[in-house]
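Working notes for the structure below.
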Amino acid sequence: MITRILNADAEALACARDLIGKGDVVAFHTETVYGLGANAFDEAAIAKIFALKGRPSDNPLIAHVHRAYNISKLIDNEPAYAAKLREAFLPGPLTMVYPSTGKVSALVSCGLNTLAIRVPSSPTAQAFLRAVDLPIAAPSANLSKHVSPVAAKHVYDDFCGRIPLILDGGACEGGIESTVLDCTGEVPVVLRAGLVTREMIASVAGACGVYEKRAGEKPKSPGMAYRHYSPKCRTAYYTDAEEAKRRYREEESAGGKPYILCAENAVPDGDFRVLDLGSAPEQMANRLYALLRQGENATLLIAIEPRLRGGVMEGVLNRFMRAFGRDTDEA
Ligand code: AMP
Ligand code: MG
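Using the numbering used here, read the sequence shown as starting at 11 and increasing by one per residue.
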C-alpha cells in the first residue's frame, strides 16, 4: 500500500471521505498530536486501529467531531458545568468524558459505559470531520508505546505502507495530547493533564478535581496505566545535572553518542549534544515529542527533569516522566 501525505484540499478530503466510508483509516493533523481515525460506528474499522497500533484492547479511543456536530445522540446527561466548559474551551485541546448512549461501536470505549469526545480546533481536522460528518474515533497516530507524532513525517515513519492517507496540517502547535476530563460526576475531574489546565477548568466550572489512582485500582483513564511515549534508544533519567553530565562523559568514552534532553536553564556549559526544551511550559509541550524522536538517534538519551511545576507543566511532566519509564505502574 502507498501511504500518501496530502494537504487537506478538496481532492484529499474527497479521498478521505471515500476511505472512511469503506471502513479504512485516515491519519490527520490536530492541534495536539496527529490522530489515526476511523468511523466510530464501524466495528471492523475500529478494530483495524487497534491492530495497526498494537494498542491494548482496554485502552479506549476518543471520538472526534466537527464543531457543528450534534453530540446529543452520542451522550446522555450533560451536566451544566460541561456546557459551560464546551463554551469556554471548544474547539480546542480538551476531551470530555460523558455517559455514552452506546450508539458508537463498543470497541471505541473498550466496553466502558462512557464516551470521550473531542472537538479539535485544527483547520485540517475540522475540514476532515466536516467532510465525513461522522464521529471519528482516533488515538494518537503512533505505534503503541512509541512517541506521539507531531508532524506528518512522524506518522509516516510509524505507518509507512500500512495506512493509505495522512492529512498534513504541518507541525502540531500544542504538542502534547488533550486534557481528558471526566464529566460524569458532580464536579469535573482531570484524568489526563494537558494544555487546558485544572486551574482553567476550575475558573469556569467553579471546581475541578484531579484523579489519583489508588494502589491496586484499575485507572479510570485506562491509557494512563501504560508506559508511553518511549524513544526507541536506551535512556537515562536524572534530577541532578552534574550526574547527567557524568553519565554523558561515560557514554562518550565508551564510544557511544549520547544526547541530553533538558530545559533551557539546565543546558550544561561545554561540549554536549543538547536537545533544548526551551523555558516556557507551552514551549516545552510544543517541543517535547519532536525532540524525543530526534533523540532516538543517540545511543543513550539522557533526560534532566525540568524544575517548573503547576499549570501546563503537569501535562508536560507526566509525558516526560512516562517517556523515561517513570511515574507508571507498568514497565
Ligand atoms: P490517545 O488518543 O492515544 O491519546 O488516548 C486516549 C486517552 O483517552 C487514553 O488515555 C484513554 O484512557 C482516554 N479515554 C478515552 N476514552 C475514555 C473513557 N471513556 N473514559 C476514560 N478515559 C478515556
Ligand atoms: Mg496515544
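Just so you know, even glycine gets a beta-carbon here, dropped at the ideal spot from N, CA and C.
In the structure shown, the three-state DSSP call for CYS272 is strand. Take the alpha-carbon of CYS218 and the one of VAL199: they are about 6 angstroms apart. One alpha carbon belongs to ILE85, the other to ASP52, and they sit about 18 angstroms apart. Taking 7 angstroms as the cut-off, the C-beta of ALA126 counts as close to a heavy atom of the ligand AMP. Annotation for VAL200 indicates a beta carbon at 7 angstroms or more from all heavy atoms of the ligand AMP. For TYR247, the enclosing beta strand (DSSP E) has its first and last residue at 244 to 248. Contact between the stretch 161 to 179 and the stretch 108 to 127 is absent: fewer than 3 CB-CB pairs across the two stretches fall below 8 angstroms. Distances taken from the Cβ of GLU41 to the heavy atoms of the ligand MG include none shorter than 7 angstroms. Annotated three-state conformation of PRO291 is helix, per DSSP. SER132 is the residue among GLU227, SER132, GLU222, LEU139 whose C-alpha sits nearest the C-alpha of GLY185. Comparing alpha-carbon positions, the option among HIS238, ALA313, GLN136, LEU205 lying closest to THR42 turns out to be LEU205.
Exclusion of the five residues before and after ASP143 leaves HIS76, TYR79 as the residues of its chain whose Cβ lies within less than 8 angstroms of its Cβ. Here the C-alpha atom of LEU298 lies approximately 10 angstroms from the C-alpha atom of GLU292.
Within the model, the alpha-carbon separation for PHE334 versus LEU177 is close to 30 angstroms. Here ALA126 has ILE72, THR105, VAL107 as same chain residues with Cβ atoms under 6 angstroms from its own Cβ, once five neighbours each way along the sequence are excluded. Secondary structure in the stretch 41 to 80: the alpha helix (DSSP H) runs of 4 residues or longer, each lying completely within the stretch, are 53 to 63 in chain order.
In this structure, the alpha-carbon of SER82 lies about 42 angstroms from that of GLY288. Under the three-state reduction of DSSP, LEU125 is assigned to strand. Counting only runs of 3 or more residues that sit fully inside the stretch 154 to 193, the beta strand (DSSP E) segments are 175 to 178, 189 to 192, in chain order.
The beta carbon of PRO70 lies closer than 7 angstroms to those of VAL118, SER119, CYS120, LEU122, ALA126, PRO232 in the same chain, with the five residues before and after it left out.
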